[in-house]
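Since the structure comes first, as structure tokens, the remarks are kept for the end.
Residue numbers (the numbering used here): 548 to 821.
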């Protein structure tokens, strides 16, 4: 009787295993991201086909929050390469993305890292359908780009922490950094469906918070710190964050100074000083 029960158990397990089918693309993603297949199966219902979407959903829910950290050797290599000939960033896309994944970064499906483009960071999470165009470099200790975000050509973003929500669009030649860009308070948060125009300059010494469906016109400059004259002589030094709330529109060539809050739905005309 014991032998019969054991055999029945083995047959039942084998039957259950056959109910789960894994597509070729899903198998590739599982291998690339070193996913524990048994753990993933335990969190799924039976009678399911594991396809590319199922794997990406699993990554978002169970892996992304606790992963994405690059091994130190690869991180040091990226820093050194950026300061020399940048040969790594000129590699073919597939080869470059695979090296990121092998080093621990989370890179989703259908991500494009064009010629000369790449990211440098201790933690890198780039979700599905992100496009980072030619010669765009993003340097951040913690980088999280959600799905369907586009960076156009020749952008250079340097900031301690960068978080960009889905469907945002970053135009060409935008610049981020300067004046405390690596302090703990240096961060940029951009909400979903937002638009950053050509040659916009962001100075995140303190947090810059940009809401959902915000449009920032070309050549706009946003500062979170402002001083030059010595504070010992009585001059004022300002280090304050900037917040732009949902549905705001910033006209081209606007300058926004520290401690500014632009409310929801507000329109700022072109060539304004805030």
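Note that beta-carbon positions come from the ideal geometry of N, C-alpha and C, so glycine has one too.
query                                                                                                                    : result
When 659, 690 and 584 are compared against residue 709, the one with the closest alpha-carbon                            : 690
Secondary structure of residue 686, DSSP reduced to three states                                                         : strand
Boundaries (first-last residue) of the alpha helix (DSSP H) holding residue 787                                          : Residue 787 -> no alpha helix (DSSP H), and no H or E assigned at all.
Residue from 619, 647 and 737 whose Cα sits closest to the Cα of residue 791                                             : 737
Nonlocal neighbours in the same chain, by C-beta distance under 7 Å from residue 558, ignoring five residues either side : Residue confidence is low: residue 558 scores 41 on pLDDT, short of 50, so the model does not pin down where it sits. No coordinate-derived value is stated.
Coil, strand or helix - residue 552 by DSSP                                                                              : Only weak support exists for where residue 552 lies, its pLDDT of 48 falling under 50; the coordinates are left without a value.
Rounded C-alpha distance that separates residue 711 from residue 672                                                     : 11 Å
Inter-residue Cα distance where the pair is residue 705 and residue 724                                                  : 5 Å
Beta-carbon separation (whole angstroms), residue 707 vs residue 734, contact threshold 8 Å                              : 6 Å
Any non-hydrogen atom of the ligand GDP closer than 7 Å to residue 803 Cβ                                                : Ligands displayed in this structure: none; no statement on the ligand GDP is therefore possible.
Assigned exposure category for residue 777 - 16 Cβ within 10 Å defines buried                                            : exposed
Cutoff 7 Å; reference residue 717; Cβ partners in own chain excluding five residues on either side                       : 697, 698, 699, 702 and 743
6 Å Cβ shell around residue 795 - same chain, five flanking residues per side excluded                                   : 761, 809 and 813
Nearest to residue 663 (by Cα), restricted to the options 651, 670 and 643                                               : 643
Cβ neighbours of residue 729 in the same chain (closer than 7 Å, five flanking residues each side left out)              : 707
Three-state class that DSSP yields for residue 605 in the structure shown                                                : helix
Selected residue, minimal CA-CA separation from residue 601, among 693, 623 and 577                                      : 577
Cβ pair residue 751, residue 773 closer than 8 Å                                                                         : no
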